[in-house]
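Undergrad: What follows is a single structure, and I will ask about it in a moment.
2 protein chains.
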Amino acid sequence: MYLFSNSIGSFILDENGTCVEEMLTTTTHPQANDALTNTLQRKYKNIQTLPKNKLHLALTLMRDKKYLTALRNANRALTNDALRHSVGPDNLMTQTVSAIEEIDKVTNLLTKRLREWYGLTLPELGELVTDHAHLATLIAQHSRNELQTLKKIDQTIGSPFIETDLTPIRELATQINSLYTLRQEYENYLKTIMKTHCPNMLELAGATIGAKLLVMAKGLKNLALLPSSTIQLLGAEKALFRHIATGARSPKYGIIINHPYVQNSLKQNKGKAARLLADKLSLCARLDYFKGEFKAPSYKKELDEKSEKEKTQKLSHE
Amino acid sequence: MYLFSNSIGSFILDENGTCVEEMLTTTTHPQANDALTNTLQRKYKNIQTLPKNKLHLALTLMRDKKYLTALRNANRALTNDALRHSVGPDNLMTQTVSAIEEIDKVTNLLTKRLREWYGLTLPELGELVTDHAHLATLIAQHSRNELQTLKKIDQTIGSPFIETDLTPIRELATQINSLYTLRQEYENYLKTIMKTHCPNMLELAGATIGAKLLVMAKGLKNLALLPSSTIQLLGAEKALFRHIATGARSPKYGIIINHPYVQNSLKQNKGKAARLLADKLSLCARLDYFKGEFKAPSYKKELDEKSEKEKTQKLSHE
């Protein structure tokens, strides 16, 4: 006699595959089934679990209509449950990072329109204010006259618009403004997720670069498993494949080029800086994935000291 | 002796180009200068205006420092003035139509993100609601539970999000909603401009198609001067040039394909319908540009009768 368990219950089968006793489960909770198995094991002392070479007996049994529908439903419920729990912080971060990138595209497009449209009435303002967000705020919050006074535009070559023609432009500016606010909120949300999910990455890489690395690696687990040389080149795939295909120069850094530590390095040291930073980022990802200590501040200090030393050496050479 | 006038005043010159009398203007208003000219003409009876072959005398005179700066300033003021008044309803319509097109792009991009993001927690909703604007409104205004009840989604394979993870999604939906509202406001604004600027075009073509035709023709004046066969093909430039270059079939219609009159025609009659509609649109553009009567309703009736007749013929043939 054999013991066989699956998602709908536990069964005792004889040598011919006939069911001697069955205990059906009522929930999809895996532990409920364990309890049934235990009960049966206590009842049938020393019972053997169905070996692999006899699995066909169980399959034949399960073809019975009595079990088939229940089995299908139970398995579907288990799949749904797995799906439901497969969504984690990685997914939320991916959505947020993508949303931020899209908002950047959108605000750029709409601000270009704003510049052109408002340029019909006060072209001087667009030339004086090059920052997109600032321009949108000014137009949304001030009247045309106020802006002329504020920016000391005595004479304008723009056309004197009537109020009904200014309103649609101002509404566009307001819309752009609230898109910038949303972007800021998403940045904060990203930081909140990272603070619990990957505090070391957040500390060393910052929210923007850290989140992008996680998204490019498709999750914290994958990032933790990547060699640091790959982390160094994440985001430089195009240049890397060009290097492999045509033998062009290999890239020295991916998106970590935007990190202040690499940014502030001397041009000839940037490659080395990127490598050192990627080393530490790789350690951070592993610490975060395996729920290790919060070591990022000491790594940061290490990097800072190295770059300090480099600068002194540079000076003494001169 | 000759009389010479320009933007800074009127002058009496002798045969050698020496200034005998000058009257300088104080404003850039062209009529002020006319008055000065009249005064001098009354004083010097039968005086001749400086003929073209003696214009060099005036040029030499104007090189005098006394006049040069004033002349430059006056001309710049005139140019600015011309620029200021060059902005008309055509420009406002162009900006509005472009803004609407850009808002369409933007809402599409952001709604795709919204679908994917909300799909992590309630994927069934996105499948049930295919309309972008409707989906955004639902997510912005209802909680996840309300939506499940509303759309009868008993079981979901989505992940049960906590409130802090739902907020950013709901904010995105709100943002998309207000972009849709802005689009509606721009449509209304467009109608307001067209009602005074080109009522016939508005009546026959509608705000969207009418405004697009005007933008593609670069203004009402140009549209009024175009032959109706060109109006018929506005927006089909790519197909037209392909026809010219490669001898492919010539296009039968441009953006007027979207007009209900062409849309509702039988497939084999669409080309003819587009031609008839373009004829009438061309008349409308001319009426509007030369401030003629409001004849669009009668054109509309004519077209409606023709399409009615066509349908009856079609039926009698069957």
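Chains as they are written, first to last, in this note's numbering: chain F, 1 to 318; chain Y, 319 to 636. Ideal Cβ placement from N, Cα and C applies to all residues, glycine included.
(1) With H, G and I counted as helix, E and B as strand and the rest as coil, what does DSSP make of F:G88?
(2) Drop a sphere of 10 angstroms on the beta-carbon of F:G292, count the other beta-carbons inside from all chains shown, and report buried for 16 or more, exposed for fewer.
(3) Can you tell me where the beta strand (DSSP E) with Y:F612 in it begins and where it stops?
(4) Report the three-state DSSP secondary structure of Y:N518 (helix, strand or coil).
(5) Mind pulling the chain F residues with CB within less than 8 Å of Y:R431?
(6) Quick check: is the beta carbon of Y:R360 nearer than 8 Å to any beta carbon in chain F?
(7) With 16 other CB atoms within 10 Å as the buried threshold, where does Y:Q502 fall?
(8) Ends of the beta strand (DSSP E) at Y:E340?
(9) Taking any Cβ of chain Y, which residues in the stretch 153-164 of chain F have a Cβ under 9 Å from it, in chain order?
(10) Hey, could you find the ends of the alpha helix (DSSP H) Y:Y571 is sitting in?
(11) Provide the residue(s) that pair with F:L3 in DSSP beta bridges, ordered along the chain.
(12) So is Y:L377 buried or exposed if we call it buried at 16+ other beta carbons inside 10 Å?
(13) Output, in sequence order along the chain, the residues in the stretch 52-84 of chain F whose CB is closer than 7 Å to any CB in chain Y.
(14) Examine chain Y for any beta-carbon lying closer than 8 Å to the beta-carbon of F:V215, and answer yes or no.
(15) Considering Y:I527, what are the terminal residues of the alpha helix (DSSP H) in which it resides?
(16) Out of curiosity, what's the CA-to-CA distance linking Y:A531 and Y:I418?
(17) Out of Y:S600, Y:L595 and Y:P478, which has the shortest C-alpha to C-alpha gap to Y:P545?
(18) Relative to the C-alpha of Y:L410, which candidate in Y:G524, Y:F322, Y:L538 and Y:Q366 has its C-alpha closest?
(19) Quick check: is the beta carbon of Y:Q493 nearer than 8 Å to any beta carbon in chain F?
(20) Tell me, please, whether the CB atom of F:S5 is closer than 8 Å to any CB atom in chain Y?
(21) Compare the C-alpha of Y:Q473 against each of Y:T367, Y:L440, Y:D483 and Y:Q459 and name the closest.
(22) Please report how far the alpha carbon of Y:N582 lies from the alpha carbon of F:A236, in whole angstroms.
(23) Under three-state DSSP, which class holds Y:D449?
(24) Applying the criterion that 16 or more other CB atoms from any shown protein chain within 10 Å of the CB defines a buried residue, is Y:F612 buried or exposed?
(25) How big is the Cα-Cα spacing for F:C19 and F:Y44?
(26) Using beta carbons (cut-off 8 Å, strictly below), is Y:Y507 in contact with chain F?
(27) Would you say Y:V447 reaches chain B, if we count a Cβ-Cβ gap shorter than 8 Å as a contact?
(28) Which of the three DSSP states is assigned to F:F56 in this structure?
(29) Taking Cβ-Cβ distances shorter than 8 Å, what residues in chain F pair up with Y:S496?
(30) When burial is assigned at 16 or more other CB atoms within 10 Å of the CB, is F:G247 buried or exposed?
(31) DSSP on Y:Y362, reduced to helix/strand/coil?
(32) Less than 8 Å between the beta carbons of F:I176 and F:T130, yes or no?
(33) Put F:A236 into one of helix, strand or coil per three-state DSSP.
(34) What residue from F:A224, F:P160 and F:A296 has the CA that sits closest to F:L202's CA?
(35) Determine, for Y:V338, whether the minimum Cβ-Cβ distance to residues of chain F falls below 8 Å.
(36) Excluding the five sequence neighbours on either side, which residues of its own chain have a C-beta within less than 6 Å of the C-beta of Y:A596, listed in chain order?
TA: So, from the listed chains and residues:
(1) Three-state result, F:G88: coil.
(2) Exposed, since its Cβ has fewer than 16 Cβ neighbours within 10 Å.
(3) First-last for Y:F612: undefined, no H or E at that position.
(4) Three-state DSSP puts Y:N518 in a helix.
(5) Chain order gives the chain F residues near Y:R431 as Q95, S98, A99 and E102, where near means a beta carbon separation below 8 Å.
(6) Chain F, which has no Cβ nearer than 8 Å to the Cβ of Y:R360, makes this no.
(7) With fewer than 16 Cβ atoms within 10 Å of its Cβ, Y:Q502 is classed as exposed.
(8) First-last of the beta strand (DSSP E) with Y:E340: C337 to L342.
(9) Along the stretch 153-164 of chain F, the positions whose C-beta sits under 9 Å from a C-beta of chain Y are Q155, T156, I157, G158, S159, P160, F161 and T164, read in chain order.
(10) For Y:Y571, there is no enclosing alpha helix (DSSP H), as DSSP marks it with neither H nor E.
(11) For F:L3, the beta-bridge partners assigned by DSSP are F:I12 and F:T49.
(12) With fewer than 16 other Cβ atoms within 10 Å, it is exposed.
(13) Result list: N80, L83 and R84.
(14) Judged by the 8 Å Cβ criterion, F:V215 is not in contact with chain Y.
(15) According to the DSSP assignment, Y:I527 belongs to the alpha helix (DSSP H) that extends over A525 to M534.
(16) Looking at the sequence shown, residue 531 of chain Y is not Ala but Leu. A straight line joining the alpha-carbon of Y:L531 with that of Y:I418 spans about 15 Å.
(17) Here the closest residue by C-alpha is Y:S600.
(18) Nearest option by C-alpha distance: Y:L538.
(19) Yes - at least one Cβ of chain F is within 8 Å of the one on Y:Q493.
(20) Interface with chain Y (8 Å Cβ-Cβ cutoff): F:S5 is excluded.
(21) That would be Y:L440, whose Cα lies nearest to the Cα of Y:Q473.
(22) Approximately 52 Å between the Cα atoms of the pair.
(23) DSSP places Y:D449 in coil when its eight states are reduced to three.
(24) By the 10 Å Cβ count, Y:F612 comes out exposed.
(25) If you take the alpha carbons of F:C19 and F:Y44, they lie about 14 Å apart.
(26) Taking Cβ atoms only, chain F reaches closer than 8 Å to Y:Y507, which makes this a yes.
(27) In summary, chain B is missing from the structure at hand, where the protein chains are F and Y.
(28) According to the sequence displayed, residue 56 of chain F carries His and not Phe. Of the three classes helix, strand and coil, the one that applies to F:H56 here is helix, per DSSP.
(29) Ordered by position in chain F, the residues that pass the 8 Å Cβ test against Y:S496 are Q175 and S178.
(30) Exposed is the call here.
(31) The three-state secondary structure of Y:Y362, taken from DSSP, is coil.
(32) The Cβ atoms of F:I176 and F:T130 do not sit closer than 8 Å to each other.
(33) In the structure shown, F:A236 sits in coil (DSSP, three-state: anything other than H, G, I, E or B).
(34) That would be F:A296, whose Cα lies nearest to the Cα of F:L202.
(35) Closer than 8 Å: no.
(36) If we look at Y:A596 and ignore the five residues flanking it on each side, its Cβ neighbours are S546, I549 and Q550.
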